[in-house]
Amino acid sequence: MDPKLYFLTLFLYSITLQNTQAQNKSLYDFSLLRQQDHIDTLLTIDNEKKDLYQRSKLVRLSEHSTISFGGSWRLQLETFKNQQFVDVDNGKRIWTLNRFLAHSHFKFKNGEVFGEILSSHASGKDNLSPVDREKLDINQLFIKYKLSSKFKVGIGRENLKLGTGRVVDPREGPGVRRSFDVAQVQYQNKGFKALVFFGATGNVKPGIFDNQFLDFNETLSSIYTTTHINEQHALDAYITYQKDNDVAYSNVAGNERRALLGLRHFGKLGSFNFNNEYFYQFGSISDQKISAWAVAFQLEKQFPIAQNTVAIGVKSNIISGDIDPDDKINNTFDPFYPRGAYFGRVASFTPSNFFDLHPYANMTINKFFFEVDYDVFWRYSVHDGLYNPSIRIEYDDLNDRRFIAHQIGALSGYKPNNYLNLELESNIICPGAFLIDSGRNKTMLHIVLSAEFSF
Numbered sequence: 000m001d002p003k004l005y006f007l008t009l010f011l012y013s014i015t016l017q018n019t020q021a022q023n024k025s026l027y028d029f030s031l032l033r034q035q036d037h038i039d040t041l042l043t044i045d046n047e048k049k050d051l052y053q054r055s056k057l058v059r060l061s062e063h064s065t066i067s068f069g070g071s072w073r074l075q076l077e078t079f080k081n082q083q084f085v086d087v088d089n090g091k092r093i094w095t096l097n098r099f100l101a102h103s104h105f106k107f108k109n110g111e112v113f114g115e116i117l118s119s120h121a122s123g124k125d126n127l128s129p130v131d132r133e134k135l136d137i138n139q140l141f142i143k144y145k146l147s148s149k150f151k152v153g154i155g156r157e158n159l160k161l162g163t164g165r166v167v168d169p170r171e172g173p174g175v176r177r178s179f180d181v182a183q184v185q186y187q188n189k190g191f192k193a194l195v196f197f198g199a200t201g202n203v204k205p206g207i208f209d210n211q212f213l214d215f216n217e218t219l220s221s222i223y224t225t226t227h228i229n230e231q232h233a234l235d236a237y238i239t240y241q242k243d244n245d246v247a248y249s250n251v252a253g254n255e256r257r258a259l260l261g262l263r264h265f266g267k268l269g270s271f272n273f274n275n276e277y278f279y280q281f282g283s284i285s286d287q288k289i290s291a292w293a294v295a296f297q298l299e300k301q302f303p304i305a306q307n308t309v310a311i312g313v314k315s316n317i318i319s320g321d322i323d324p325d326d327k328i329n330n331t332f333d334p335f336y337p338r339g340a341y342f343g344r345v346a347s348f349t350p351s352n353f354f355d356l357h358p359y360a361n362m363t364i365n366k367f368f369f370e371v372d373y374d375v376f377w378r379y380s381v382h383d384g385l386y387n388p389s390i391r392i393e394y395d396d397l398n399d400r401r402f403i404a405h406q407i408g409a410l411s412g413y414k415p416n417n418y419l420n421l422e423l424e425s426n427i428i429c430p431g432a433f434l435i436d437s438g439r440n441k442t443m444l445h446i447v448l449s450a451e452f453s454f
């Protein structure tokens, strides 16, 4: 479909749905992970008062069972200039990325079955990555059953997100999401909840229903707990273990067995919001021991202005890299499966071997959202390189310079209703001494326009 026609179609159709939403503002609460949608309010409305969409969105099958349907369609127009800080032609200067998700959610008295398919396509882009395209495959398919008021068990393929996605995230930025084949147990009691799971993840394949289930070459297991200390403070404590064969870092390669201890403290302190996390990793890779660590800080203050909200905040990460290539101890921090757009959709760097300072400001005005940010990066260790989101070496350790780059970003969003979301994001990344002395001296520009329609 022509991109102009796509945007126009989405806008007009969302406006037609907006009239219904204006009358029933709380009917639809669509989540990033659609199994968490809140649409049960539809059950309180008589069928005679529902339109066609509402009647087909959520159907009562019996006293204790319902089935719902939904999905989303996202189009992105993306362009790079001087990708990877060198003067290269990325094929066509503007390419399109399409993603379609469709799901069905069956709920019965003590459980649920959720299934979701995904299709992602790219047009006009050279050197496609595995997360750009997948003709058609199962993104999620799981069953969960409630054993009691406190315990729930589940098994199947699922997108997972732990905390704010610093360690495990469904990878929303690219076209293809990250799925795990998991067996899990959930426990919840008053102000405490725990998730225990074992999962396997495999490589994404571009064909039709060709992704392998239960690929145990790479596995992840975790015990993740959340404790609400009071109304203002909460604490996540967890241990996560990853088995990954055939891993390569700047100074060592081989089969890896890595454990992570994590602690996340988040909440409010007076008029400030905070979200701080601390990590320590240990284990082995090849003939080396692992000893790596990281800390992540975020502090934000919101200012109500009229009926709008302005927020000013700062983020910072300090993440270890390998200090001595010859000491048989690997200090490179592996973030496991973090947000793909950890520092913006440009995804130039992944959180490994660096520290950064990242002030930002954003504003919500009615249905519009604006944000500007500035991020400055340094290498933590001059004896380690920089990595891409797949934890592969992207920029080799070629000199002893620390300063990596400045990044200036801007984001504008418009969300007229629960169905449609439009975003325009741009980032300018100016190389620092480390990149310039490595022969990468061109300023990178990245722009992406996104439109997503959820139903």
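Position one of the sequence shown corresponds to residue 0 (numbering that gives the first Met the number 0), numbered consecutively onward. Here a beta-carbon is modelled for each residue, glycine too, at the ideal position from N, C-alpha and C.
Start-to-end residues for the beta strand (DSSP E) that takes in residue 413: Numbered from its first residue, the sequence shown carries residue 413 at position 414. Segment 402 to 413, the beta strand (DSSP E) holding residue 413.
At least 3 beta-carbon pairs within less than 8 Å: the segment 195 to 205 vs the segment 232 to 239: no
Span separating the alpha-carbon of residue 430 from that of residue 105: On the sequence shown, position 431 is the one that residue 430 refers to. On the sequence shown, position 106 is the one that residue 105 refers to. Distance between the alpha carbons of residue 430 and residue 105 is about 51 Å.
Burial state of residue 60 (16 or more Cβ within 10 Å): If you number the sequence shown from 1, residue 60 lands on position 61. So residue 60 ends up on the exposed side.
Under the three-state DSSP convention, the category residue 453 falls into: Within the sequence shown, numbered from 1, the residue matching residue 453 stands at position 454. Strand at residue 453.
Buried versus exposed call for residue 231 [16 or more other C-beta atoms within 10 Å across all chains shown]: Position 232 of the sequence shown, counting from 1, holds the residue named residue 231. Exposed, because fewer than 16 other Cβ atoms sit within 10 Å of the Cβ of residue 231.
Three-state secondary structure (DSSP) of residue 331: Residue mapping note: residue 331 aligns to position 332 of the sequence shown, counting from 1. Correct three-state label for residue 331: coil.
Span of the alpha helix (DSSP H) around residue 56: For the purposes of this step, residue 56 is taken as the residue at position 57 of the sequence shown. Element bounds for residue 56: 51 to 56.
Sequence-distant residues of the same chain with beta carbon closer than 6 Å to residue 421, five excluded per side: As a working mapping, residue 421 is identified with position 422 in the sequence shown. These residues qualify, in order along the chain: 413 and 450.
Pair within 8 Å by beta-carbon distance, residue 335 and residue 342: Taking the sequence shown and counting its residues from 1, the one referred to as residue 335 is at position 336. Taking the sequence shown and counting its residues from 1, the one referred to as residue 342 is at position 343. No. Outside cutoff.
Residues bridged to residue 313 [DSSP beta-bridge criterion]: On the sequence shown, position 314 is the one that residue 313 refers to. Note: residue 313 sits in a beta bridge opposite 298 and 358.
Simplified DSSP assignment, three categories, for residue 21: To locate residue 21, count along the sequence shown from 1; it is residue 22. Caution is warranted here: a pLDDT of 47 is assigned to residue 21, below 50, making its placement in the model unreliable, and no coordinate value can be reported.
Bridge partners - residue 283, DSSP secondary structure assignment: Your numbering for residue 283 matches position 284 in the sequence shown. Looking at the DSSP assignment, residue 283 forms a beta bridge with 256 and 288.
Cβ-Cβ distance between residue 196 and residue 220 below 8 Å: Reading the sequence shown from its first residue, position 197 is the one you call residue 196. Reading the sequence shown from its first residue, position 221 is the one you call residue 220. Result yes, Cβ atoms of residue 196 and residue 220 sit closer than 8 Å.
Minimum length 4: unbroken alpha helix (DSSP H) runs contained in the segment 74 to 113: none
Residue 383 burial status per 10 Å Cβ neighbour count (16 or more: buried): Taking the first residue of the sequence shown as 1, we reach residue 383 at position 384. With 16 or more Cβ atoms within 10 Å of its Cβ, residue 383 is classed as buried.
Contacts around residue 53, its chain only, beta-carbon distance under 8 Å, and the 5 residues preceding and following it disregarded: The residue labelled residue 53 in the question sits at position 54 within the sequence shown. Hits under 8 Å: 19, 26, 41 and 44.
Buried or exposed by the 16-neighbour rule on C-beta atoms within 10 Å, applied to residue 305: Position 306 of the sequence shown, counted from the first residue, corresponds to residue 305. When all chains shown are included, residue 305 counts as exposed.
Contact under 8 Å by Cβ, residue 337 with residue 164: As a working note, residue 337 is residue 338 in the sequence shown. As a working note, residue 164 is residue 165 in the sequence shown. It is a contact, given that the beta carbons lie within the stated cut-off.
Distance, residue 170 Cα to residue 158 Cα: Stepping through the sequence shown from its first residue, residue 158 is reached at position 159. Stepping through the sequence shown from its first residue, residue 170 is reached at position 171. Roughly 9 Å between the two C-alpha positions.
Extent of the continuous beta strand (DSSP E) to which residue 392 belongs: Position 393 of the sequence shown, counting from 1, holds the residue named residue 392. It spans 392 to 394 - the beta strand (DSSP E) in which residue 392 sits, taken as one unbroken run.
Per DSSP, the bridge partner or partners of residue 150: Stepping through the sequence shown from its first residue, residue 150 is reached at position 151. According to DSSP, residue 150 bridges with 186.
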